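2 protein chains.
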Amino acid sequence: MNVEQLSATLAAVASPQRMLILAELQGGRVHVSELARRVGMSRALLYMHLAKLEASGFVTTSLELSPEGTALKHVALAPFSVTVTIDTIADAVATTATVNNQ
Amino acid sequence: MNVEQLSATLAAVASPQRMLILAELQGGRVHVSELARRVGMSRALLYMHLAKLEASGFVTTSLELSPEGTALKHVALAPFSVTVTIDTIADAVATTATVNNQ
DNA sequence: GACAGGTGTAACTATATTATGACACCCGTA
DNA sequence: TACGGGTGTCATAATATAGTTACACCTGTC
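Here it is in structure tokens:
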């Protein structure tokens, strides 16, 4: 994992709003509009946050048809565990430096 | 640890520039001006990054007199290990929610 | 005194992130 | 057809973060 990826992953979870979203998803998967109501933010904003969370693998989404026939985009928590130590960081920096020097 | 603290801690380390700084400090403590040269940034900018790293406990600083009599601000890596799981986040959210509802 | 090398910060600009509001479109139902 | 409830995205505004430049000040040395 290079610096950019590690940075993006940490930044994705280093947001009070996104932590709220993840905590809410602990109760089970929820569709986007319902999730927006629960965390108290607009759908447009939630889409932005979900894009960051999904890009770094913290959540997964799936578009499914409800019994009533309407499409629902379900968001579910993905299992994850991120540990940061000086070695994690040094490795990322070393990888990035190598790539840049090629 | 509440959401604000956890967010600040993760944000502090979720920066390519600050990762570079931490990686550089792995070789031992360095004074500010020298560190600025090594990571290739201005002192003013480095001070800003160091303030964030120090606020979350990733580095420590100490002002000391060199043998030549000039003051040197030494920056050293502090031992750390940050792990983020859904439980870490849920706890932080729960703590924050409790505080806000008081 | 002029210089080299250090600390510390204020003011400002540039850029990235976060947030809002409006729009187009789809499906079932009264 | 007019709702109500979804999805998805586009400008745009507001705010936070990152970065630059310049300044004041200190110490030892030529």
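Line order of the protein sequences matches chains A and B.
Every number in our numbering is 107 more than the matching position in the first sequence, counting from 1.
Every number in our numbering is 107 more than the matching position in the second sequence, counting from 1.
Every residue, glycine too, gets a C-beta built ideally from N, C-alpha and C.
Just so we're clear, the structure is a prediction, and the values are computed from it rather than from any experiment.
Worksheet entry | Closer than 8 Å at the beta carbon, the chain A residues around B:S114 | Taking the first residue of the second sequence as 1, we reach residue 114 of chain B at position 7. Within chain A, the residues near B:S114 are A121, S122, P123, M126.
Discussion item. Quick check: A:S169 and A:H181, are their CB atoms within less than 7 Å of each other?
Written reply: Working through the first sequence from its first residue, we reach residue 169 of chain A at position 62. Working through the first sequence from its first residue, we reach residue 181 of chain A at position 74. Contact: yes.
Practice prompt. Specify the secondary structure class of B:T202 as computed by DSSP and reduced to three states.
Written response: In the second sequence, the residue the question calls residue 202 of chain B occupies position 95. It is helical.
Practice prompt. Sort A:A183, A:A121, A:V200 by Cα distance to A:V110 and report the nearest one.
Written response: The count along the first sequence starts at 1 and reaches residue 110 of chain A at position 3. The shortest C-alpha separation from A:V110 is found at A:V200.
Worksheet item: Which one of A:H138, A:V189, A:Y154, A:A204 has the shortest CA to CA distance from A:L172?
Response: Within the first sequence, numbered from 1, the residue matching residue 172 of chain A stands at position 65. Ranking the options by Cα distance to A:L172, first place goes to A:H138.
Fill in: A:T192, DSSP secondary structure in three states
One-based indexing of the first sequence puts residue 192 of chain A at position 85. In the displayed model, A:T192 falls within coil according to three-state DSSP, outside both helix and strand.
Worksheet entry | Those residues which DSSP pairs with B:T167 across a bridge | For the purposes of this step, residue 167 of chain B is taken as the residue at position 60 of the second sequence. Beta-bridge pairing links B:T167 to B:A183.
Worksheet item: Is it a yes or a no for the stretch 144 to 152 of chain B touching the stretch 160 to 168 of chain A, going by three-plus beta-carbon pairs under 8 Å?
Response: no
Discussion item. Measuring only the C-alpha atoms, how far is B:E131 from A:A143?
Written reply: In the second sequence, counting from the first residue as 1, residue 131 of chain B sits at position 24. In the first sequence, counting from the first residue as 1, residue 143 of chain A sits at position 36. One C-alpha to the other measures close to 42 Å.
Practice prompt. Could you check how far apart the C-beta atoms of B:T190 and A:S188 are, in whole angstroms? I think they sit under 8 Å.
Written response: As a first step, residue 190 of chain B is located in the second sequence; it is residue number 83 there, counting from the start. As a first step, residue 188 of chain A is located in the first sequence; it is residue number 81 there, counting from the start. Going by Cβ atoms, the distance from B:T190 to A:S188 rounds to 7 Å, so yes, they are a contact pair.
Worksheet item: Where does B:M108 land, buried or exposed, given buried means 16+ other C-beta within 10 angstroms?
Response: Taking the first residue of the second sequence as position 1, residue 108 of chain B is located at position 1. Exposed is the call here.
Practice prompt. Please name the residues in the stretch 177 to 190 of chain A whose beta-carbon is closer than 9 Å to at least one beta-carbon of chain B, in chain order.
Written response: When C-beta distances to chain B are compared with 9 Å, the residues of the stretch 177 to 190 of chain A below that value are L184, P186, F187, S188, V189, T190, in chain order.
Practice prompt. Could you work out which residue in A:G135, A:A119, A:A118, A:P123 is closest to B:T202 when comparing CA atoms only?
Written response: By 1-based counting over the second sequence, the position of residue 202 of chain B is 95. For the residues A:G135, A:A119, A:A118, A:P123, the minimum Cα distance to B:T202 belongs to A:P123.
Discussion item. For chain B, check one thing: does any of its Cβ atoms lie closer than 7 Å to the Cβ of A:A118?
Written reply: By one-based count along the first sequence, residue 118 of chain A stands at place 11. A:A118 counts as touching chain B.
Worksheet item: What in chain B is Cβ-close to A:V200, meaning under 7 Å?
Response: Here residue 200 of chain A is taken as the residue at index 93 of the first sequence, counted from 1. Within 7 Å Cβ-Cβ: M126, L127, A130.
Item to complete: Provide the residue span of the alpha helix (DSSP H) that contains A:T116, from first to last.
Response: As a working mapping, residue 116 of chain A is identified with position 9 in the first sequence. Counted as a single uninterrupted DSSP element, the alpha helix (DSSP H) harbouring A:T116 occupies residues 110 to 120.
Practice prompt. Would you please state the rounded distance, in angstroms, between the beta carbons of B:I196 and A:L117? I believe it to be under 8 Å.
Written response: Residue numbering aside, residue 196 of chain B sits at position 89 when the second sequence is read from its first letter. Residue numbering aside, residue 117 of chain A sits at position 10 when the first sequence is read from its first letter. Wrong, their Cβ atoms sit about 13 Å apart, outside the cutoff.
Discussion item. Taking the alpha helix (DSSP H) that A:Q124 belongs to, which residues open and close that run?
Written reply: Taking the first residue of the first sequence as position 1, residue 124 of chain A is located at position 17. Its alpha helix (DSSP H) spans residues 123 to 132.
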